[in-house]
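Structure first, commentary second.
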Amino acid sequence: MDFAIFLVQCLNAVQYGLLLFLVASGLTLIFGILGVINLAHGSFYMIGAYLAYALAPWVAAHLGGGFFTALAIGLMLSVAFGYLLEWGFVSYLYERDHLQQVLMTYGLILVFEELRSILVGDDVHGVAPPAWLAGSVPLGHVMTYPVYRLFMSGVCVAVALGLYAIIARTRLGMAIRAGATNREMAQSLGVDIRLLYRIVFAAGVTLAVFAGMIAAPVSSVYPGMGNQVLIISFVVVVIGGIGSIRGALLASLLVGFADTFGKVFIPQTAGILVYVLMAAILLWRPEGLFRTG
Amino acid sequence: MPDDILLTASEVSRRFGGLTAVDRVSLSVSRGEVHAVIGTNGAGKSTLVNVLAGEIAPSGGRVHLQQRDVTRWPQPRRARAGIGRSYQRTTIFARSTVFENCRLTAQAHYQHPLDWWSAAARCPDSTRLAQQAIEQAGLAAQAHRVAGTLSHGQKRQLEIAMCLATAPHVLLLDEPLAGMGPEETERMLSLLTGLRRGHAILLIEHDMDAVFRIADHITVMVNGAVIASGEPDAIRRDAAVQSAYLGDVEETREPERV
Amino acid sequence: MTPTHAITARVWPLGVALVALAVFPHVGGKFYIDLVLTTMILAIFALSLELLVGRTGLVSFGHAAFFGIAAYATALLAPNAAAPSLAWLLPAVVIVTALAALAIGALSLRTRGIYFIMVTLAFAQMAYFVFHDMPFAGGSDGRYLYAKPVLAIGGFTLLDLDKPRTFYYAVLGCLCAVYALLALVGRSRFGHALAGISANEQRMRAAGFSTYPYKLAAFTLAGGLAGVAGFLHAIKDGFVNPEILAWHQSGAVLLMLILGGIGTLRGPVLGAFLFVLLKELFQSEALFGAFARHWQLPLGLTIIACVAMMPNGVIGLPTQWRRAHAPVPHAG
C-alpha cells in the first residue's frame, strides 16, 4: 500500500474514532454517573446533524452568520434541551431497573424519529462545511486530504482535553467523580445531586449533538444515522469499560482503525468487523480494557 | 477435644491496588470447634471470609479444605465440597417460602444435567435435606411462611438454614447476630452450639459477650493482620488486644460458658 | 403450594383462548386469520424471550437475531424445486439456531447487567449485517422460500404446510407445545435454579451452583425456541429479508413482554396479541388518515406510558390495583 494512501486511511480512522469518542463519552458519562442507560443517545447525534442542516439557512437569512453561528446556536439549544429532558423524563428513570430504562428510552427513540420525520421529513441531506475549511491539503505527491476532516479531528481532541481538564481539575469534576462513586455521601457533603445530574446529562446530550453537527458535512444527514452510531457506541463502551473516559478514547480509536482498515482490506465484511473485534475482546477480557470499579 | 482440622488458611493475603486488606493471615478450624474472628471495622474480616469462601481470589497464600488445596477453586466448587457461608446482609429469596428457600440451596447437591426437567418439588433428596436444615435451624413452625414476612431474627436463622441445606462441613458465618435483640441472640447462640458437634464453624462477630461465650478459639485482626490468636481467656488477658479494643477488661465478669 | 382456585383461575382463560383460537379459522376472514397467525408466531417468539428475561433475569436486546437466523436458515436450507420434508427441516433449523445461540451466549454471558444488554444488541446487529451485506443471503432484497414443507411418510402426506388450514393448526400446535415445554421448565429443577439465579446469583454460587452453564443453557434454549418462531414466519410469508433481524424487532419483543407482564407464561402471549393490536390500530389509515405513517410515534408514547404506569404489564394489573388499595401491612 502506498504510504500516502496509508496515511489517508490513518487520518480517516483517527477522525472517525475521535467522533465516536465524543458520542461514547457522553453515553458513558450518563451511565457511569447517573446510572441510566439511554438508548436515545444516538438520537441526539441524529438531532445534531439535522439541526446543522435546518439551522444553516435560517442562520444565514436572519443572523447573517455561517456554520459556526449555527453550531453555537445548536449547542445552546442542546444544553437547554438536555436540561429539560433530564428534568421532565430522565429523572424518573433513576429508580427503575435496567429493563425499564431500556424500554422507556427505546420508546423515546421512536418518538424522536417520528418527530423528526414529521418536522423535517425523511430525506437525505448534505451540509456544506464553512468555505474556509472546504479545501484540501496535499499529502505526498498525488493525494490530498480534506481540511474539514482535519478540523474535525482537531476539535474532537480539544473537546477530549477539555473533558479531561474539567473532570480531573475542577470542583465540578470532583463533584462528578464523587457523585459517581457514592451518591448519598456526595449529597451529605453538600453537593446538589439533582443539579449535578442535570448538568451531566445536558453535557452528555450536548456532546452527542455537537458530534452530529460537526459530522454532518462529512457523513451527510440521513434518518438511520442515530441508531447506527448508538450501537457502535455501545461496542466502544463494552470494549473500553463503563465509566472510563480513557477507556472510551482508546476503544473509540481501536474501533475507528478496525472499521476503516477493515473496509479497505476486506470490503465484504466491513460492517461486521467491529463486532468481531468486540467478540475477541469479550473472549480475552470481558470486563473491558479499562473497567472502573 | 477438637481435632480433625477441616479448613486451613496459610499466609492468606489480599490486596486491592495499594491497600492490603488481608495481610498474611493463617488460621485453622477443626470439626467441633467454633473459631471466632474479631476485630475493628475495616480489619479485613469480611475480605478474609470472602477469600476462604472463594468469592475472591487471594493475592497470596493458600486455602486448604481437609487435605485438598482449594485456593484456585471457584466458589461453587468449594460450596459443593463442603464450605458453606452465610452473609451479613440477609440474602434469602424473599418471595419463596422458608421451605422453598432451603430446598433450592439443597438442590445444589443434586444437579443432574441429564435429569434437568424433573419437578423440583418432587426431588426427595433435596426435600429431605431442606427439612433437616429447617429443623436444625429451629424454623420448623415457619416452614411454609413466605420468607419476606419473617422477623429479622427468623430471617437470620433462615440464612443459616439455607447454608445448612447444602450439607456443609465448614460454616463461614458473617455476623449472624447482626441486628438481633437479646432473645433472638439467645436463640441463635443455642443454634450455633447445637451445630458445633458436626461442623467446623468460623464466625465473624462484633457482639463480644456472645463471642466469649461461644468461641473455643479467637483470632483478633487489626488492619488486615492477626495480632493475637488463642483461647478466649488468653485473648482476654492479651495486652495487645486490650489496647486495640477490648477496653478495661478487669471489670468484666467472666460470662458463663455455653 | 398454589391454592387450587388460583390454578383454576389461571387455567380457564387459557382454555377459552385455546378454544377460540381453534375455531377461529372457521369463522374469521382471511385478513384476520393472517393477523392471528402473526400473533401466534410472535407469541412463540415472546415466550422464548420470557425464559431469558422473566425466569433468568437476563435482559437480551438481541433476541431478534435468533428469529432471523432461523428464518434465513429455513429459506436457505429448503431446496428450490421440491417441497422439503418437515421431518428434517424443522430440527435442522432449530439446531442451527441453537448453535448460534450457544456461540453468542457463550461470549455475551461473560458480561453482566448493562454490558449484557449492549453486547446482545451488538451481536444482533452483527447478524443483521451478515445477512444484509453478504451475497449468499440475497442482500437487502432478501430471499424467497419456494416451496412449503410437508411431512410425509412413504408416499403418504400427513401435513402439507402449503394448505392454509393445516399451517394454521401447525402454528397453533407449536404454540401449545412451546407453552407446555416452558411450563415444564418452570416447575423443573433447572427452572427453579434459573429463578434463583435471577433473584440472587451470588447466593446461588455460594450454595454450590455454577451459574454460567445454567445461564448458557437458558440462552441456548431460548434461542432455539425463537428459532421455531422464525421457522414458522419464513413459511408463512414465503419470504425473508434482513429487516426481521433489525433491532426494532428485538425492541418489539421486549415490549410484548412488558405489555403482557413478565414472570408468567400468559403475559407474553397476551403481550403479543396487544402489540399486534396496537400496531394495527396506530397504522390504521381509517383512524389516523395521513398521520398513520407516523405510527411509531404513538407506539413510542405507549411504550413509555406502559413502562411508567404498568411495569408489571396487563397480567400484573390486578395485583398492582390491589396493592394500591390495600391497607398498610404490619411491619414484621
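Protein chains in written order, with numbering that gives the first Met the number 0: chain A, 0 to 292; chain B, 0 to 257; chain C, 0 to 331. Even glycine gets a Cβ: it sits at the ideal position worked out from N, Cα and C. Everything numeric in this text was worked out from a predicted model, so none of it was measured.
- Residue ranges of uninterrupted alpha helix (DSSP H) with 4 or more members, entirely inside the region 80–136 of chain C and ordered along the chain, are 85–107, 112–132.
- Closest in alpha carbon position to R54 (chain C), among C:V18, C:L277, C:E200, is C:E200.
- Beta-carbon to beta-carbon, F66 (chain C) and A216 (chain C) are separated by about 20 Å, too far to satisfy the 8 Å threshold.
- Contact annotation: G141 (chain C) and P241 (chain C) have beta-carbon atoms nearer than 8 Å.
- Relative to the Cα of L38 (chain A), the nearest Cα in the group C:F274, C:W246, C:M39, C:L150 belongs to C:W246.
- With fewer than 16 other beta carbons inside 10 angstroms of its own, H324 (chain C) counts as exposed.
- Spanning the alpha carbons of G270 (chain A) and I280 (chain A) requires a straight line of approximately 17 Å.
- Under the DSSP definition of a beta bridge, G229 (chain B) partners with B:I217.
- For R14 (chain B), no alpha helix (DSSP H) segment is defined; the enclosing uninterrupted segment is the beta strand (DSSP E) at 4–15.
- Residue contact check for E113 (chain A) against chain C: a CB pair falls below 8 Å.
- With a beta-carbon spacing of about 18 Å, A174 (chain A) and L206 (chain A) fall beyond the 8 Å limit used to define contacts.
- Residues of the region 64–77 of chain C with a C-beta less than 7 Å from any C-beta of chain A: none at all.
- In the DSSP secondary-structure assignment, S85 (chain B) is bridged to B:L172.
- Non-local beta-carbon contacts of A129 (chain B) in its own chain, meaning distances under 7 Å to residues more than five positions away in sequence, involve F98, C101, R102, A105, A164 in chain order.
- Listed along chain A, the residues sitting closer than 7 Å to H293 (chain C) by beta-carbon distance are E113, S116, I117.
- According to the DSSP assignment, I234 (chain C) belongs to the alpha helix (DSSP H) that extends over 210–236.
- In the three-state DSSP reduction, I46 (chain A) falls in the helix class (H, G or I).
- The Cβ-Cβ distance between M161 (chain B) and I91 (chain B) falls below 8 Å.
- Note: A224 (chain B) is bridge-paired with B:V221 in the DSSP secondary-structure output.
- With fewer than 16 other Cβ atoms from the protein chains shown falling within 10 Å of its own Cβ, S135 (chain A) counts as exposed.
- Close to M103 (chain A), with beta-carbon spacing below 9 Å, are these residues of chain C in chain order: I302, I303, V306, A307.
- In the structure shown, the three-state DSSP call for H61 (chain A) is helix.
- Among the residues of chain C, those whose CB is under 7 Å from the CB of L103 (chain B) are H191, G195, following chain order.
- Taking 8 Å as the cut-off, the beta carbon of S58 (chain B) is found no closer than this to the beta carbon of E158 (chain B).
- Ranked by how close their Cα comes to the Cα of L120 (chain C), the residues C:F135, C:G104, C:P134 have C:G104 in first place.
- About 7 Å separates the beta carbons of H198 (chain B) and V169 (chain B), which is inside the 8 Å limit, making them a contact pair.
- Of the residues assessed, Y93 (chain A) falls on the exposed side of the cut-off, its CB having fewer than 16 other CB atoms within 10 angstroms.
- For I152 (chain C), the enclosing beta strand (DSSP E) starts and ends at 149–152.
- Among the residues of the region 114–129 of chain C, those with a Cβ less than 8 Å away from any Cβ of chain A are Y114, I116, M117, V118, L120, A121, F122, Q124, M125, F128, V129, in the order of the chain.
- Here G61 (chain C) is buried, its C-beta having at least 16 other C-beta atoms within 10 Å.
- Residue range 151–163 is occupied by the alpha helix (DSSP H) that includes M161 (chain B).
- By the Cβ-count criterion, M308 (chain C) is exposed, with fewer than 16 other Cβ atoms from all chains shown falling within 10 Å of its own Cβ.
- Residue state for V313 (chain C) is assigned as coil, using DSSP reduced to three classes.
- Beta-bridge partners assigned by DSSP to S187 (chain C): B:A118.
- In the DSSP annotation of this structure, the continuous segment of the beta strand (DSSP E) that includes P145 (chain A) starts and ends at 142–145.
- Across the region 182–207 of chain B, no CB contact with chain C closer than 8 Å is found for any residue.
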